[in-house]
Amino acid sequence: MKYKRIYRWIYYEIVGRMDYKRYIKKIGVNLRGEVHLYGRSSWGTEPWLITIGDNVHITKGVQFITHDGGTLIFRKDVPDLEITKPITIGNDVYLGNNVILLPGVTIGNRVVVGAGAIVTKDIPDNSVAVGVPARVIKSADDYFEKLKIESLHLGNLCGEEKDIALKKYYNYVSVQFSPC
Numbered sequence: 007m008k009y010k011r012i013y014r015w016i017y018y019e020i021v022g023r024m025d026y027k028r029y030i031k032k033i034g035v036n037l038r039g040e041v042h043l044y045g046r047s048s049w050g051t052e053p054w055l056i057t058i059g060d061n062v063h064i065t066k067g068v069q070f071i072t073h074d075g076g077t078l079i080f081r082k083d084v085p086d087l088e089i090t091k092p093i094t095i096g097n098d099v100y101l102g103n104n105v106i107l108l109p110g111v112t113i114g115n116r117v118v119v120g121a122g123a124i125v126t127k128d129i130p131d132n133s134v135a136v137g138v139p140a141r142v143i144k145s146a147d148d149y150f151e152k153l154k155i156e157s158l159h160l161g162n163l164c165g166e167e168k169d170i171a172l173k174k175y176y177n178y179v180s181v182q183f184s185p186c
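Going by this note's numbering, the first residue of the sequence shown is number 7, and it counts up by one from there.
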C-alpha cells in the first residue's frame, strides 16, 4: 500500500508538470469545456466533486476546498461527522490569484472573482466578487464597460511583442548598470 501511494505521488508529480490539464482530469476534476490554467492550484482531497464549465481561467494559487476539516475535533462526540460538498464553476469565469473556494459554493456564468477572495457562498451570474468573504461589488456588464474605456488595446499581442508595446506605451527606458 505504501509503495502504491509513493508511485501515485511520483506519477502525478511527473504528469502534473508535463501536462497539467491531463493531471487534473486524472485526479477526477470534471471539465465541461476549455479551461485555462495559469500556474498550479490546489484541488483538495475530493477533486471529483469539482465541476468546471467552459472558458474558465484559473490563476496561480487557487484552492478548491470540498470538505470542512473542523469536523475532526468533534468526531470524538459524533464519530461519523462529515461535511463534504461539491464546488461548481460556470462558464466564462476568471478566478484571480489565491482565491479560496469553500465547500458547496457555486459560481455562476460570466463571473470575475478578484485575487485573494474567499468564496463562502454562491456568486450569481454576471458578477464581479472580491474580498474576504467575497461579495459582489458590480455586475460583469459594468466591469466590461470600464475595461473597454481603460483598455490599452494590446490584448491581441503575445510575449515579446506585447512587452515591446507596453514599454513603448509607458515610455520605459531600460537602465544599463555598469560594473564597479
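By construction, the Cβ of each residue, glycine as well, lies at the ideal position given by its N, Cα and C atoms. Just so it is clear, the structure is predicted and the values come from calculations on it, not from any experiment.
- By alpha-carbon distance to K144, the top candidate from V119, Y13 and H159 is V119.
- At a Cβ-Cβ threshold of 7 Å, V117 and A140 do not count as neighbours.
- Counting C-beta atoms within 10 angstroms of its own C-beta, F80 has fewer than 16 neighbours from the protein chains shown and is therefore classed as exposed.
- Only buried fits P109, as 16 or more other CB atoms lie within 10 angstroms of its CB.
- Residue burial annotation: L101 is buried, with at least 16 other C-beta atoms found within 10 angstroms of its C-beta.
- In this model, I71 and A171 are separated by some 39 Å (Cα to Cα).
- Comparing alpha carbon positions, the residue from K127, K27 and D98 closest to D147 is D98.
- Taking C-beta atoms as the reference points, V68 and I93 fail to come closer than 7 Å.
- Rounded to the nearest whole angstrom, the C-alpha separation of T51 and N61 is 24 Å.
- Check the Cα spacing between H42 and each of I30, G34 and P53: the tightest is with I30.
- Note on geometry: alpha-carbon atoms of I58 and V136 lie some 20 Å from one another.
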